[in-house]
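Notes follow the structure.
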Amino acid sequence: MIKVYWPDKLARDIVGRKKYNYLDKEIPKIKKFVLKSSTSISGVPHIGNASDVIRHDALFRALNGMGKPTRLLWVAEDMDALRKVPAGIPPEFRNYLGMPVADIPWVDDKSYSTHFSDLFIESFEDYGVKVECKSTAKAYRSGEFTKGIKTIMKNLDLIKEIWNKSRETPLPANWNPWKPVCENCGKIMTTAVKGFDESGVSYKCEDFKFKEYGKEAYTKLSGCGYEGESKFSDGDGKLLWRVEWGMEWATWGVCFEAAGKEHFMPSSSFWTAGEVCERVFGWPEPHPSENPLQPYGYMTVSGEKMSASKGNVVATWDWPKFAPPQILRLIFLENPRRTKDFSYLKIPQYVDEYDRLQRVYFGEEKIDNERERENLKRLYELIEVEIPEKMPVQIPFSSAAAVSQIYNPKESPEKALNLARRVCGIRKKLSEADKKMILEKRLIVARNWVETYAPQNYGIAIQERVPAEIKRSFSEKQKAALRILCQELETKEWSEAGLENRIYALRDEVGISSKDLFQSIYLALIGEKQGIKAAALICAIGKDKVCGVLKQI
RNA sequence: GGGCCUGUAGCUCAGCUAGGUAGAGCAUCUGGCUUUUAACCAGGCGGUCGGGGGUUCGAUUCCCUCCAGGCCCGCCA
52 MIKVYWPDKL ARDIVGRKKY NYLDKEIPKI KKFVLKSSTS ISGVPHIGNA SDVIRHDALF
112 RALNGMGKPT RLLWVAEDMD ALRKVPAGIP PEFRNYLGMP VADIPWVDDK SYSTHFSDLF
172 IESFEDYGVK VECKSTAKAY RSGEFTKGIK TIMKNLDLIK EIWNKSRETP LPANWNPWKP
232 VCENCGKIMT TAVKGFDESG VSYKCEDFKF KEYGKEAYTK LSGCGYEGES KFSDGDGKLL
292 WRVEWGMEWA TWGVCFEAAG KEHFMPSSSF WTAGEVCERV FGWPEPHPSE NPLQPYGYMT
352 VSGEKMSASK GNVVATWDWP KFAPPQILRL IFLENPRRTK DFSYLKIPQY VDEYDRLQRV
412 YFGEEKIDNE RERENLKRLY ELIEVEIPEK MPVQIPFSSA AAVSQIYNPK ESPEKALNLA
472 RRVCGIRKKL SEADKKMILE KRLIVARNWV ETYAPQNYGI AIQERVPAEI KRSFSEKQKA
532 ALRILCQELE TKEWSEAGLE NRIYALRDEV GISSKDLFQS IYLALIGEKQ GIKAAALICA
592 IGKDKVCGVL KQI
């Protein structure tokens, strides 16, 4: 029996679901399975935001794999107000607090939210994610939600009954879930509804106090005092969250949407929205309850939640510059319910894991246990951006990092490629496609990683002074070889290839083993028993520095 | 104070929803590699499965409890 990877299992659960959860009836046959992922655009969309999209995409692939017609929606929650100016955004944006992010000007014709959501959407391609993009602001204003809003307004008593289940104080008699945008000042947080009928509400723009994320004190937002009316059919406003969520599901026919754990607390939004979805709209709430994916945990960086307002974020479009996008998919698809603490130093290890999965997939690495093998192959399919036709050439990330420091792949691509080939013992001739892949997907990426996130001189740190115990450990032959090497470096100009030949010849002249010779070179220069291509290393460090070290022997 | 999730080798994880004397990769270590010495090959080290109870012939797997970590607990989305 082959164990089914969680997206496949979840996909089967979704397809096999029979009944409503609040209504005693059967779910009609579903023609198209709609998955929804959404992101609130409070600032720079970061890799933590991508987790929701990537996990839904895995499920999307699983359903497609079952031959089920499926749509994957991604929704920008851009009718939501800006509640805090995130780190990295000019402080003047304080003036826009309380306005829908879709209405805040950026540069050119872009709004604050389209600026960020466009960048986010463009970056989806790097991760192999294809989605249909939606925006709540557009949906409200284009009339896409008008029918849903009307249904809500016809069923206010029922909605109050549902919502009151999770409240201590019941909603007041004149309560209405519509939140208008102030026609005068453009804020949505400051509008207080004063009355309503079946076509709209009347409101006054009043001062509003709220807590900014991470702050104890209340922030006061000034209302402009304007009194006006907001018609539901104009869509210049939004429904309160719990109601909005349920209405979205019904409007778009959503079968599944995972969300962060805060939505799944008892009496939290998922449950209210679900009941609204079924009892008000008659659409089955998206596959709820315990499942392998939800509620999912967030990504933390050194123990802190990654969030736009804290500023400890990596933008989704920056990640591929220093790590393969498949790695991010891997991190999010493994153990999805667990909170992930991330560190840049773990990247080489994750890349090794990815490479291994690729080898297993192409049968280059044998896994005896059939179940495990199938599992790993499936995981590879789900994390790969585009599955290659045949097994690609692999360069371990740590080797790539070392090579990229000796020859900067951006400045001398041919030299870096050559060295990488020799370091990794690749004999076959590389095709142009191989070269491009190794250069762009590995060497340049590794170099960026080293420059930005890795310890200085990752792997090729030359030691200024040779420690006494290392000197003492050298045999007479080793010392002799190093002295000769030093002398010849000083008196002659060497090419890398020439130097390599000379080192091997030296081995025979002095009469020591390759191991002893190479070990002494590496121990003297970098304090390690092994190292990368001695000749290349010496050339990269420069003969002056090398001789400075070797003279100490 | 309450709720939910998580806790398996140094690291990342599998196994746990049909309970049967602990698994993988990476790292580390050892050996091999006479122009592939950070590649590659062979091998070793490494965990009383967070602690304690219980059910059972037998529990990492089921139940209870404690501990630790994460997240959440607003007429915010």
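When the letters of the first sequence are read in order and numbered with the working numbering, they come out as residues 52 to 604.
C-beta atoms are modelled at their ideal positions from N, C-alpha and C, and glycine is treated no differently.
*Thinking MET130 and PRO151 are a contact (beta carbons under 8 Å), I'd like their distance in whole angstroms, please.*
Here residue 130 refers to the residue found at position 79 when the first sequence is read from its first residue. Here residue 151 refers to the residue found at position 100 when the first sequence is read from its first residue. Going by Cβ atoms, the distance from MET130 to PRO151 rounds to 5 Å, so yes, they are a contact pair.
*asked:* Please tell me whether LEU110 and LEU61 are closer than 8 Å, where the distance is taken between their beta carbons.
replied: Residue numbering aside, residue 110 sits at position 59 when the first sequence is read from its first letter. Residue numbering aside, residue 61 sits at position 10 when the first sequence is read from its first letter. Cβ distance < 8 Å, so LEU110 and LEU61 count as in contact.
*With a Cβ-Cβ cutoff of 8 Å, do ASN72 and GLY325 count as a contact?*
Position 21 of the first sequence, counting from 1, holds the residue named residue 72. Position 274 of the first sequence, counting from 1, holds the residue named residue 325. Yes, the pair counts as a contact, with Cβ atoms nearer than the cut-off.
_Cβ pair count under 8 Å reaching 3, the segment 244-257 against the segment 278-289_ = yes
*Of the choices PHE525, ARG422, ARG493, whose alpha-carbon is the least far from that of ALA451?*
On the first sequence, residue 451 is found 400 positions in, with the first residue counted as 1. Comparing Cα-Cα distances from ALA451 to each of PHE525, ARG422, ARG493, the minimum goes to ARG493.
_ARG380 versus ILE213 - alpha carbon distance_ = Locating residue 380 in the first sequence gives position 329, counting from the first residue. Locating residue 213 in the first sequence gives position 162, counting from the first residue. The straight-line gap from Cα to Cα measures roughly 38 Å.
*Assign GLU544 to one of two classes, buried (16 or more other C-beta atoms within 10 Å of its C-beta) or exposed (fewer than that).*
Position 493 of the first sequence, counted from the start, is the residue given in the question as residue 544. Counting Cβ neighbours within 10 Å, GLU544 comes out exposed, since fewer than 16 surround it.
*First and last residue of the alpha helix (DSSP H) that includes LYS205?*
Working through the first sequence from its first residue, we reach residue 205 at position 154. 197-205 is the extent of the alpha helix (DSSP H) around LYS205.
_Identity of the residue in ALA505, ASN469, ARG523 nearest THR584 by Cα_ = Along the first sequence, read from residue 1 onward, the residue named residue 584 stands at position 533. The amino acid occupying residue 584 in the given sequence is Lys; Thr does not appear at that position. Nearest of ALA505, ASN469, ARG523 to LYS584, Cα basis: ASN469.
*In this structure, what does DSSP give as the bridge partners for ALA243?*
Locating residue 243 in the first sequence gives position 192, where the first residue counts as 1. DSSP lists LYS255 as partners of ALA243.
*Helix or strand or just coil, what does DSSP make of SER281?*
Numbered from its first residue, the first sequence carries residue 281 at position 230. Strand, per DSSP.
_Taking the straight line between their C-alpha atoms, what separation do you get for SER217 and THR323?_
By 1-based counting over the first sequence, the position of residue 217 is 166. By 1-based counting over the first sequence, the position of residue 323 is 272. C-alpha separation (whole angstroms): 8 Å.
*Report the residue from LEU588, TYR573, ALA587 whose alpha carbon sits nearest the alpha carbon of GLN581.*
Sequence index remark: in the first sequence, residue 581 carries index 530 (1-based). Comparing Cα-Cα distances from GLN581 to each of LEU588, TYR573, ALA587, the minimum goes to TYR573.
*For PRO337, does the count of other Cβ atoms within 10 angstroms reach 16, so buried, or fall short, so exposed?*
As a working mapping, residue 337 is identified with position 286 in the first sequence. PRO337 comes out buried.
*Are the segment 174-191 and the segment 284-293 touching by the rule of at least three beta carbon pairs closer than 8 Å?*
With the cut-off at 8 Å, the segment 174-191 and the segment 284-293 touch.
*Which residue from VAL126, GLN538, VAL517, GLY116 puts its Cα closest to that of VAL104?*
Walking along the first sequence from the start, residue 104 turns up at place 53. Of the listed residues, the one whose Cα sits closest to VAL104 is VAL126.
*Whole angstroms is fine: what's the gap from ARG134's alpha carbon to VAL232's?*
Counting from one through the first sequence, the residue named residue 134 turns up at place 83. Counting from one through the first sequence, the residue named residue 232 turns up at place 181. Looking at the two C-alpha atoms, the distance is approximately 15 Å.
_Rounded straight-line distance, which links the Cα of LEU427 to that of VAL411_ = Locating residue 411 in the first sequence gives position 360, where the first residue counts as 1. Locating residue 427 in the first sequence gives position 376, where the first residue counts as 1. Cα to Cα, VAL411 sits roughly 7 Å from LEU427.
*Look at the alpha carbon of ARG63 and the alpha carbon of LEU114, and state the distance between them as a whole number of angstroms.*
On the first sequence, position 12 is the one that residue 63 refers to. On the first sequence, position 63 is the one that residue 114 refers to. ARG63 and LEU114: Cα-Cα distance of roughly 8 Å.
*asked:* Quick check on PRO622: does DSSP put it in helix, strand or coil?
replied: Because the chain spans 52 through 604 in this model, residue 622 falls outside it and cannot be assessed.
_Please report the distance separating the alpha-carbon of ASP588 from that of LYS391._
Residue 588 sits at position 537 when you count from the first residue of the first sequence. Residue 391 sits at position 340 when you count from the first residue of the first sequence. Asp is not the amino acid found at residue 588; the sequence shown has Leu there. Approximately 37 Å, taken between the alpha carbons.
*From ALA224 to LYS205, what distance separates their C-alpha atoms?*
Here residue 224 refers to the residue found at position 173 when the first sequence is read from its first residue. Here residue 205 refers to the residue found at position 154 when the first sequence is read from its first residue. Between the alpha carbons of ALA224 and LYS205 lies a distance of about 15 Å.
_Counterpart residues of GLU183 in DSSP-defined beta bridges_ = Taking the first residue of the first sequence as position 1, residue 183 is located at position 132. Note: GLU183 sits in a beta bridge opposite LEU124.
*Starting from GLU77, follow its DSSP beta bridges and name the residues at the other end.*
For the purposes of this step, residue 77 is taken as the residue at position 26 of the first sequence. DSSP lists LYS70 as partners of GLU77.
_In whole angstroms, give me the CA-to-CA distance for SER174 and SER164._
Against the first sequence, residue 174 aligns to sequence position 123. Against the first sequence, residue 164 aligns to sequence position 113. Taking the straight line joining both Cα atoms gives about 15 Å.
*In whole angstroms, what is the alpha-carbon distance linking PRO58 and MET117?*
Looking up residue 58 in the first sequence gives position 7. Looking up residue 117 in the first sequence gives position 66. PRO58 and MET117 have their alpha carbons spaced roughly 11 Å apart.
*asked:* So, for GLY246: in the same chain, excluding its five sequence neighbours on each side, which residues have a beta-carbon less than 6 Å away from its beta-carbon?
replied: Numbered from its first residue, the first sequence carries residue 246 at position 195. In its chain, beyond the 5 residues on either side, SER253 have a beta carbon closer than 6 Å to the beta carbon of GLY246.
_Nonlocal neighbours in the same chain, by C-beta distance under 7 Å from VAL501, ignoring five residues either side_ = On the first sequence, position 450 is the one that residue 501 refers to. For VAL501, where only same-chain residues beyond five positions count, the Cβ hits under 7 Å are ALA452, SER455, GLN456, TYR509.
_Give the list of continuous alpha helix (DSSP H) stretches no shorter than 4 residues that lie fully inside the segment 499-558._
519-524, 527-542
*Which listed residue (LEU490, TYR458, GLU432, LYS461) has its alpha carbon closest to that of ILE446*: Within the first sequence, residue 446 is the residue found at index 395, counting from 1. Nearest of LEU490, TYR458, GLU432, LYS461 to ILE446, Cα basis: LEU490.
*Locate the beta strand (DSSP E) running through LEU86, then write down its first and last residues.*
As a first step, residue 86 is located in the first sequence; it is residue number 35 there, counting from the start. Element bounds for LEU86: 84-91.
_Limits of the unbroken alpha helix (DSSP H) element including PHE307_ = Taking the first sequence and counting its residues from 1, the one referred to as residue 307 is at position 256. Here PHE307 belongs to no alpha helix (DSSP H); instead the beta strand (DSSP E) covers 305-307.
*Assigned exposure category for ASN420 - 16 Cβ within 10 Å defines buried*: What you label residue 420 is simply residue 369 of the first sequence in a count that begins at 1. Exposed, because fewer than 16 other Cβ atoms sit within 10 Å of the Cβ of ASN420.
*Count the other CB atoms, across all protein chains shown, that sit within 10 Å of the CB of TRP157; report buried if there are 16 or more and exposed otherwise.*
Working through the first sequence from its first residue, we reach residue 157 at position 106. Its Cβ having fewer than 16 others within 10 Å, TRP157 is exposed.
*So, is ASN552 buried or exposed, given that buried needs 16 or more other C-beta atoms within 10 angstroms?*
Here residue 552 refers to the residue found at position 501 when the first sequence is read from its first residue. With fewer than 16 neighbouring CB atoms inside 10 Å of its own CB, ASN552 falls in the exposed class.
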